[in-house]
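K.L.:
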Amino acid sequence: MEGCIEKGIYKAVFSDIDGTLLNTSHRIPELTKRKIQDMNQNRIPFVLVSARMPKGMREIRNELGAQSPMICYSGALVVDEKDHPIYSVALGKEEAKQLCDAIKEKNREISVNIYSNDLWMVEDIEEFWVKQEMEITGVRAKEVSFEDFSVFEEVHKILCMGEAEDIARLEQDLKQQFPEIRIYRSKDTYLEIMSMRASKSDAVHMLEQRFEIQRKESVAFGDNFNDIDMIEYAGFGVAVGNAMEEVKEAADYVTDTNDNEGLRKVLDQCF
């Protein structure tokens, strides 16, 4: 959908990271970086919004020179400018344990990863998917035993990684067994699991109150299914050109791709 970009009315930006802010080389294009740095100088919050953990987002925020909160785990955790938690929606301890046990029973080849605040926990740090994710995010996992019940104290997200067919089958099985839990694929090989009460749009709403701005004064950017509620909620919701078709349909405006600096092109018109 193509909408009209109104200059001068927006006071905060909420942006997904992977596939939106970053190009396919996992870099922030130089002109995009400069634009966001200019916005920082003008005290316009640029808020990173991601399924990542805080540690996997901090370096990007530092590169941008942003002094803003971050929405982590797709809205399950929000940290302030100094990385102190200000909003948390965790899975129940029992249900997190039940989920992990169920995943193991269904397919032991699936990589199970537990995220709590700024901690990423796995049972085998040498496992293929874990090593690959460490390379992508630049974050090191902590090896623990999932038999230790304290591991499930405050679980913001469970991430399952595996072959696309295995992940698709697991998604359907878990949705049937745990209908009250939010379960979705962030890509073919990644399955994200978190509380149904966690959403990017709720986290955006909370920060709008913190920034003392109205809903119509926010801009949101995204490319994937878990960005839809945020894009629909924001005053101006933007899908990048490489976004899923469902995301484009939900957006007020479709910009260029992440490799062609679609985000920056909209920012240039908004600010």
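Heads up: the sequence shown runs through residues 33 to 303, numbered per the numbering used here.
Note that CB positions come from ideal geometry on N, CA and C, so glycine has one too.
#1: So which of 141, 251, 238, 63 has the shortest CA-CA distance to residue 264?
#2: Give the straight-line distance between the Cα atoms of residue 199 and residue 142, rounded to the nearest whole angstrom.
#3: By DSSP, does residue 268 sit in helix, in strand, or in coil?
#4: Does the Cβ of residue 140 have 16 or more other Cβ atoms within 10 Å, making it buried, or fewer, making it exposed?
#5: Considering Cα atoms alone, identify which of 47, 37, 39 is closest to residue 235.
#6: For the beta strand (DSSP E) containing residue 226, name the first residue and the last one.
#7: Determine the direct distance from the alpha carbon of residue 189 to that of residue 150, and round the result to whole angstroms.
#8: Output yes or no for whether 9 Å exceeds the beta carbon distance between residue 184 and residue 96.
#9: Alpha carbon to alpha carbon, what distance is there between residue 177 and residue 257?
#10: Does the region 99-117 come into contact with the region 158-172, if we say contact requires no fewer than three beta-carbon pairs (one atom in each stretch) closer than 8 Å?
#11: Please confirm whether residue 58 and residue 168 have their CB atoms less than 9 Å apart.
#12: Which residues in the same chain as residue 42 place their Cβ atom closer than 6 Å to its Cβ, once the five residues preceding and following it in sequence are excluded?
#13: In whole angstroms, what is the alpha-carbon distance linking residue 209 and residue 133?
#14: What runs of the beta strand (DSSP E), each 3 residues or longer, lie entirely inside the region 145-233?
#15: With DSSP as the reference, label residue 40 as helix, strand or coil.
#16: Mark residue 231 as exposed unless 16 or more other C-beta atoms lie within 10 angstroms of its C-beta, in which case mark it buried.
#17: Exposed or buried, residue 93, counting other C-beta atoms within 10 Å across all chains shown (16 or more means buried)?
#18: Based on the DSSP secondary-structure assignment, which residues constitute the bridge partners of residue 61?
#19: Could you give the residue range of the beta strand (DSSP E) that holds residue 111?
P.N.:
Working from what's here:
#1: Of 141, 251, 238, 63, the smallest CA-CA separation from residue 264 is found for 251.
#2: Going by the C-alpha atoms only, they are around 8 Å apart.
#3: Residue 268: strand per DSSP, three-state reduction.
#4: Per the 10 Å Cβ criterion, exposed.
#5: Closest option to residue 235, Cα to Cα, is 47.
#6: First-last of the beta strand (DSSP E) with residue 226: 222-227.
#7: Between residue 150 and residue 189, the alpha-carbon positions lie close to 11 Å from each other.
#8: Not a contact, by the Cβ cut-off of 9 Å.
#9: Residue 257 and residue 177 have their C-alpha atoms some 32 Å from each other.
#10: Cβ pair count under 8 Å is below three, so no.
#11: Yes, these two residues count as a Cβ contact at 9 Å.
#12: Closer than 6 Å at the Cβ level, and outside the excluded window around residue 42, lie 249, 251, 302.
#13: The straight-line gap from Cα to Cα measures roughly 12 Å.
#14: Complete beta strand (DSSP E) runs here, min 3: 151-154, 189-193, 213-219, 222-227.
#15: DSSP, read as helix, strand or coil, puts residue 40 in coil.
#16: Residue 231 comes out buried.
#17: Residue 93 comes out buried.
#18: Residue 61 pairs with nothing; no bridge assigned.
#19: 109-111 is the extent of the beta strand (DSSP E) around residue 111.
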